[in-house]
Every structure is written in C-alpha cells, then in structure tokens.
Amino acid sequence: MKKPRILADILKDYFQYSNEPLAVNFRRHFNIKQVQMDQLSDDEIDAMLEKSLLEDWLDNQDVMQILHISPRTLQTLRSNGMLPFSRIGNKLYYRRQDIIKILSDNYTMRKIRDYGKRE
Numbered sequence: 143m144k145k146p147r148i149l150a151d152i153l154k155d156y157f158q159y160s161n162e163p164l165a166v167n168f169r170r171h172f173n174i175k176q177v178q179m180d181q182l183s184d185d186e187i188d189a190m191l192e193k194s195l196l197e198d199w200l201d202n203q204d205v206m207q208i209l210h211i212s213p214r215t216l217q218t219l220r221s222n223g224m225l226p227f228s229r230i231g232n233k234l235y236y237r238r239q240d241i242i243k244i245l246s247d248n249y250t251m252r253k254i255r256d257y258g259k260r261e
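The number in our numbering is simply the position in the sequence shown, starting from 1, with 142 added.
Take a look at the structure:
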C-alpha cells in the first residue's frame, strides 16, 4: 500500500508538471521554470496562487475607471443582466473576462461617410 501524499506535494506536482490551463498560466504568469518550483517555499507558492486567481477579479472602482462610467451606469449594467457580478458582503466583484465580453459584444465600427471631402 502506498503512503498517502500530503496536499502540498500534490499541489506542487500539479503546478509544476500539469498541462491544464490553470497550471500553465500560473507558470507563465510568474515566469516559473520547473527547476525554480523546487526552490519555492509553501508560503511562496500559496501567495503566488492567491495572486494569480484573484487577478481576474475587479471591484466597482476598478470597473468604473476602466470603462469611464459612473456608479449609476454600472448599476444599470448589473440590473439589466449585462454584467454578471459576485457579492461578498456589501462589496461587488466582476470578472475581467465579462467586461471584455461586454466591450466586444457592443463594438461597432462606423465608416465615416465622405471623410475628407469638402463641398
């Protein structure tokens, strides 16, 4: 019978050798080569993981600054169901991918008619 592995070893192997998107993005984001993973402490790995997972979430202030909108406009986007959100207590968080999707879905390219012509 095999000796049970501890969680730290399982996570270390996952982030070091896995080809799943989370592990690959983790290594790419922190420019971690497989040799360097062996030199990291458990606390450093935990901090890196937390930072990489939370980087995709933005709060109200961040979203308003990125989109250059008012608090009321942001509330309207939430109320209309255009912008999904997550609530923890009284604080709202938004996924970066959802904001990019809204911008992509509402992108229109307008051709300026008679540009440069004078009458």
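All residues carry an ideal CB built from backbone N, CA and C; glycine is no exception.
A quick note: this is a predicted structure, and the numbers were derived from the prediction, not measured.
Taking the alpha helix (DSSP H) that D155 falls in, what are its first and last residues?
Run containing D155: L149 to Y159, per the alpha helix (DSSP H) assignment.
Would R229 pass as a contact of D198 if the rule is Cβ separation under 8 Å?
Result no, Cβ atoms of R229 and D198 do not sit closer than 8 Å.
Counted within 10 angstroms of its Cβ, other Cβ atoms place V177 as buried (16 or more) or exposed
Its pLDDT being 45, under 50, V177 is placed unreliably in this model, and the value from its coordinates should be taken loosely. The residue in question, V177, is exposed, as its Cβ has fewer than 16 Cβ neighbours within 10 Å.
Note the first and the last residue of the continuous alpha helix (DSSP H) segment covering L200.
Premise fails: L200 lies in the beta strand (DSSP E), W199 to D201, not in any alpha helix (DSSP H).
One question on the structure: do L216 and N202 come within less than 8 Å of each other, judged by their Cβ atoms?
Yes, the Cβ-Cβ distance between L216 and N202 is below 8 Å.
Tell me which same chain residues have a C-beta within less than 7 Å of the C-beta of D185, skipping the five on either side of it?
Counting only Cβ-Cβ distances below 7 Å, and skipping sequence neighbours, we find nothing.
When M251, G231, K154 and F227 are compared against I187, the one with the closest alpha-carbon
The shortest C-alpha separation from I187 is found at K154.
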